[in-house]
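In full-length UniProt numbering, the protein residues as written are 1 to 263.
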């Protein structure tokens, strides 16, 4: 292989989205698909959806009704592993090494509840602690890595439809942005989304189901990310956000990201 195409998508229940997952795979033809919020235990994961299309290598970390992550691949997955960055057993991470030596990590960061105060809202504290554990892990990372997934943080002012309206809303608060900045600095991670779509250009990956017409008011946020070790970022030749997927039948509230690496 001279190129490797990797996709990432918070699917918000893989069994509920089988038709659009199949459509995406057929149209985009990634070599690897990373899913978050699969909401399915491993024993009921719809494996045939993927194996029938050549994605015969699976790394799963599922959980009934909640959370869940998966890596589905046409290339072998080696040394699979899971980090409990939530420190409570929730299925929010799965990773594997590819034959070319690249480490691929798939993560689903907690949303953090509605109140941006760890005293009043323990879920918010859990989110910050999750990111802190990722930061400690990043500091010791010594192999080329691509980490993808739903980070549930929109770090830049231009990563939300209105910085003024959302500056005190969970996912765009100053404390979350500072925590994510420390994580990024811990390994000199390169944010591929903003490498290919430089700020302040519009780049959203999530639109709430509560919006009666997401295309009209466009109240989006960039919550989904692909970060690469500097050496891996140098191999990236393309990154795109598949925004049209938000308009497909029974969509997720997130859309897929795709990166292409030159090997």
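Cβ coordinates follow ideal geometry from the N, Cα and C atoms, glycine included.
Remember, it's a predicted structure, so these values are computed and weren't measured experimentally.
Is residue i helix, strand or coil by DSSP?
i, result
"residue 217", "helix"
"residue 51", "helix"
"residue 115", "coil"
"residue 253", "coil"
"residue 259", "strand"
"residue 1", "coil"
"residue 136", "helix"
"residue 126", "helix"
"residue 225", "strand"
"residue 149", "strand"
"residue 162", "coil"
"residue 154", "coil"
"residue 91", "coil"
With 16 other CB atoms within 10 Å as the buried threshold, where does residue i fall?
i, result
"residue 238", "exposed"
"residue 168", "exposed"
"residue 1", "exposed"
"residue 149", "buried"
"residue 234", "exposed"
"residue 215", "exposed"
"residue 26", "exposed"
"residue 252", "buried"
"residue 263", "exposed"
"residue 122", "exposed"
"residue 218", "exposed"
"residue 40", "buried"
Less than 6 Å between C-beta atoms, sequence neighbours within five positions excluded: which residues of the same chain meet that for residue i?
i, result
"residue 176", "153"
"residue 136", "none"
"residue 61", "69, 82, 91 and 94"
"residue 50", "72"
"residue 63", "91"
"residue 265", "Look at the range of the chain in this structure, 1 to 263, and you will see that residue 265 is not part of it."
"residue 128", "179"
Select from the options the residue whose C-alpha is nearest the C-alpha of residue i.
i, options, result
"residue 193", "102, 159, 218 and 182", "159"
"residue 80", "3, 58 and 215", "58"
"residue 243", "4, 8 and 53", "8"
"residue 197", "241, 166 and 189", "241"
"residue 84", "110, 97 and 204", "110"
"residue 172", "222, 217 and 140", "222"
"residue 185", "202, 259, 140 and 163", "140"
"residue 143", "163, 56, 96 and 202", "96"
"residue 77", "164, 98 and 3", "98"
Leaving out five residues before and five after residue i in sequence, what residues of the same chain have Cβ atoms less than 8 Å from its Cβ?
i, result
"residue 124", "112, 113, 115, 116, 117, 118 and 170"
"residue 145", "102, 103, 104, 105, 187, 228, 229 and 232"
"residue 195", "233, 236 and 239"
"residue 54", "74"
"residue 257", "7, 8, 9, 148, 193, 205, 224, 225, 226, 239, 240, 241 and 242"
"residue 249", "19 and 20"
"residue 265", "Only positions 1 to 263 of the chain appear in this structure, which leaves residue 265 out of reach."
"residue 189", "138, 147, 183, 227, 228 and 229"
Cutting at 7 Å between CB atoms, please list the residues of its own chain near residue i, excluding the five before and the five after it.
i, result
"residue 183", "131, 134, 135 and 138"
"residue 67", "37, 90, 91, 92 and 108"
"residue 199", "156 and 158"
"residue 220", "161, 204, 206 and 207"
"residue 86", "92, 110, 126 and 130"
query: Quick check: the stretch 172-187 against the stretch 206-215, are there 3 or more CB pairs under 8 Å?
result: No: fewer than three Cβ pairs fall under 8 Å.
- prompt: For the 8 Å Cβ check, are there 3 or more pairs between the stretch 37-53 and the stretch 7-18?
  reply: yes
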